[in-house]
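Residue numbers (my numbering), protein chains in the order written: chain A, 13 to 322; chain B, -7 to 512. Virtual Cβ for every residue (Gly too), placed ideally from N, Cα, C. Presented below is the structure to which this report refers.
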Ligand SMILES: Nc1ncnc2c1ncn2[C@@H]1O[C@H](COP(=O)(O)OP(=O)(O)O)[C@@H](O)[C@H]1O
Ligand SMILES: [Mg+2]
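Spelled out as structure tokens, the structure:
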């Protein structure tokens, strides 16, 4: 009997870990694409907040989840376009302009929420999508194939992005301009063009991450993401800028967070220590970062604007 | 114009002018290139050679002038555009992505046959064909970061061949090669020219230009100062066109007598940045009034050696003595106090502070001395006086003392550093690449200064990639290869060929490579 309970708990924990990992995964996949092209975006959290609010508000008004997701994506694309203009054309300092994007997203999403919604009203969350056959497999099925569509999308993006980065000319161009943009330019690769596209795609994923979070929770509030975007940036380093690595990092983070939550509900962690325990994922991520991140070098051109002949 | 038998030049640049803030890099330059010829562009550093070629390659637009290809006016607005017109350029600094493979580097920017996927298998095959045809050995699957400099250069050439360039620009391609690699390169370039390609070969080395080219155009201060045929000109004539006055091609070297060793280095092992041993057990000594030249392709432990002697990098083991006194390792201050001066390789990074002005850079070492500082406050009058004296003595060209160092030209920065380092009349001087990227006039002056210091009894270690410089300055020459000294030869016994072989790690009359030579 107690075995059964344990198994149930483990299944539930893993499943919720995967669910919790999803927004991190989307955001850090997006960030890793931008960084691979040589542009750091510290504003991920701000983009997520805006994406979250836009999706929340759309769903609140229309009840259409798909539309909400699309609006989150479009918003991300617009911010990506703007950020690319700042960093590529105006050659702004990437560190500080990213912080600017974050603060803008934080403030703007809250302002819009106060003005347009006021008191929090829940929206309809995602429906669970049982994958036929696969979700019937005992244990595995419940862990991996009993999620909402967005979870599958996020995890399917991992092999897709791996393929794009490693096997396509577009991906090769991204890798080249993140490492030595001058060399790419001298061969006729458009450094600015590729960076624009990488930032637009990257920020779309950040917007999507926010939208997924808001719809998953069915709610929006001030600072909904609670610095998730910054952890997503850390996960990019953890994952050594590779989609698979980023996925591993997100999963570690998500599962640890799920375990902490589970322990709290089971009363294994005293109430007084629960705030401390909430730090566990962050601490584990930092430790893992220290161990893993030093082994890999960041893209050489990261944070450096490219000027021809400069 | 030089139109032979009415043939239209494949390339003609007419009246090209290009200004940068404060300089005219190209002033009404005209240049043409015939099919199948190697046309050398000769000039000192800063003469405007690279600028002219970057204009041709679409990197910059010219302020005035016109480019013609096969007689038709064209406006090349980007490298992509130039490549589409059959122009390829091998830049002074390699344009390779170290984290990509050779094949990926070659494929970069080309349309793939399996678009949007890459077609590296096909690229690899074609690279192999080209490398067989032209005798260019490279492994298409190797990552560029794994390659030695000579191999990287071959990748650059393959990139151009792959794009089927009809005009190939080579901007100082020999700067980083060993003499043997230079010979190989020249053979390939001749082969390419015979196959009907036209080559522009940029250099500031006279003997290379004489050896390789069909025609020579000389640039000075952005202007064409002459065109010559290697058959009916001489190195001296070319040097005069380059510099605008007569130059001594090698400074005189008065002989000094041998005395006590001033610098002794024993069993030095130094770790490089990659955590592997960059210097593996070196021992040598230098007497007062002696210059030991260290030849070798850079990256064979020279930088680490210099930094270890200067206390900037802690050696794993080994001993360094100045005038018989052991110097504590990894302590730059102690080394300085023992009488050592250092002219570093990266002059803008390690030798001067770019944003500091001239006089601040002059007192970097001794601003704490009583004559420059009272109760923690700088005394500007003596500091300015001191700086003015040094500027006059070393003919540093600067608008005024407040000019930031970064606004000086390479040659003047180097003079500034040299003035600072020699003003203490050091016992030991370490000079790394003392004239790299410096114009001939300044280089000549720096060489004179080093020789002067030698007669003053300083023990000098000159590290240089420029074999001519090593041969000109040194009493003895040590050749470094992979962290070891392949051998130390007296100047009289040193020939370019012998040193060149040693630079490539071969020494016919020395024991196998794992042997660490004892001093002398
Ligand atoms: N991007 C640039 N900005 C400003 N000045 C430049 C730039 N490139 C070259 N110069 C200046 O133009 C002159 C010619 O330089 P360059 O063409 O590189 O000479 P060379 O290749 O013959 O050594 C130099 O005085 C150099 O300082
Ligand atoms: Mg040049």
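Exercise. What do you reckon, are the CB atoms on residue 454/B and residue 285/B nearer than 9 Å?
Worked result: yes
Exercise. Of all the options 267/B, 91/B, 151/B, which has the alpha carbon lying nearest to the alpha carbon of residue 189/A?
Worked result: 91/B
Exercise. Can you find a CB in chain A that lies within less than 9 Å of the CB of residue 107/B?
Worked result: yes
Problem set entry | Beta-carbon contacts of residue 262/A that lie in its chain and below 7 Å, excluding the five residues immediately before and after | 33, 36, 37, 40, 247
Problem set entry | Cβ separation of residue 100/B and residue 199/A, assumed to be a contact under 8 Å, to the nearest whole Å | 5 Å
For this session: Provide the residue span of the beta strand (DSSP E) that contains residue 34/B, from first to last.
Result: 30 to 35
Problem set entry | Whether residue 147/B touches residue 139/B by CB criterion (9 Å) | yes
Exercise. Within 9 Å (strictly less), CB to CB, does residue 398/B reach chain C?
Worked result: Judged by its chain identifiers, the structure shown contains no chain C, and its protein chains are A and B.
Exercise. Among the residues of its own chain, which have a CB less than 7 Å from the CB of residue 343/B, if the five just before and after it don't count?
Worked result: 335, 336, 409
Problem set entry | 7 Å Cβ shell around residue 146/A - same chain, five flanking residues per side excluded | 153, 157
Exercise. Per DSSP, residue 452/B is paired with what?
Worked result: 283/B, 421/B
Exercise. If you count every other CB in all the chains shown that lies within 10 Å of the CB of residue 183/A, and 16 or more means buried, which is it?
Worked result: buried
For this session: Compute the distance between the beta-carbons of residue 296/A and residue 264/A, then report whether it is under 9 Å.
Result: yes
Problem set entry | Any C-beta of chain A under 9 Å from that of residue 89/B | yes
Problem set entry | Sub-9 Å separation of residue 288/B and residue 274/B beta-carbons | no
Problem set entry | Closest residue to residue 63/A among 50/A, 97/A, 20/A, 125/A (Cα-Cα distance) | 125/A
Exercise. Taking 8 Å as the cut-off, is the CB of residue 148/B close to at least one heavy atom of ligand 2?
Worked result: no
For this session: Tell whether a beta-carbon distance below 9 Å holds between residue 269/A and residue 29/A.
Result: yes
Exercise. For the stretch 179 to 192 of chain A, which residues have a beta carbon sitting closer than 9 Å to at least one beta carbon of chain B?
Worked result: 179, 180, 181, 182, 183, 184, 185, 187, 188, 189, 190, 191, 192
For this session: Could you tell me which chain B residues have their CB closer than 9 Å to the CB of residue 204/A, listed as they occur along the chain?
Result: None at all; the shortest Cβ gap to chain B is about 11 Å.
Problem set entry | Counterpart residues of residue 212/B in DSSP-defined beta bridges | 215/B
For this session: Might you give, ordered along the chain, the residues of its own chain that have their beta carbon closer than 6 Å to the beta carbon of residue 423/B, omitting 5 neighbours on each side?
Result: 335, 454
Problem set entry | Endpoints, beta strand (DSSP E) assigned at residue 163/B | 159 to 163
Problem set entry | Cβ-heavy atom distance, residue 346/B to ligand 1, below 8 Å | no
For this session: Please confirm whether any heavy atom of ligand 2 lies closer than 8 Å to the CB of residue 84/B.
Result: yes
Problem set entry | For residue 12/B, the first and last residue of its enclosing beta strand (DSSP E) | 3 to 12
Exercise. Where are the beta strand (DSSP E) runs, 3 residues long or more, that stay fully inside the stretch 136 to 221 of chain A, in chain order?
Worked result: 140 to 142, 158 to 160
Problem set entry | Sequence-distant residues of its chain with Cβ nearer than 6 Å to residue 122/B (five each side left out) | 150, 153
Problem set entry | Burial state of residue 417/B, where buried means 16 or more other Cβ atoms lie within 10 Å | exposed
Exercise. Quick one: does residue 110/B have its CB under 9 Å from some CB of chain A?
Worked result: yes
For this session: Kindly say whether residue 103/B, judged by its beta-carbon, lies nearer than 9 Å to any beta-carbon of chain A.
Result: yes
Exercise. Quick one: is the Cβ of residue 308/B within less than 8 Å of any heavy atom of ligand 1?
Worked result: no
For this session: Excluding the 5 residues preceding and the 5 following residue 195/B in the sequence, name in chain order all residues of the same chain whose CB lies nearer than 7 Å to its CB.
Result: 32, 34, 164, 166, 201
Problem set entry | chain B within 9 Å of residue 312/A, Cβ atoms only | yes
Exercise. Exposed or buried, residue 302/A, counting other C-beta atoms within 10 Å across all chains shown (16 or more means buried)?
Worked result: exposed
For this session: Taking a Cβ distance cut-off of 8 Å, strictly less, list which residues of the stretch 152 to 175 of chain A are near chain B, in chain order.
Result: none
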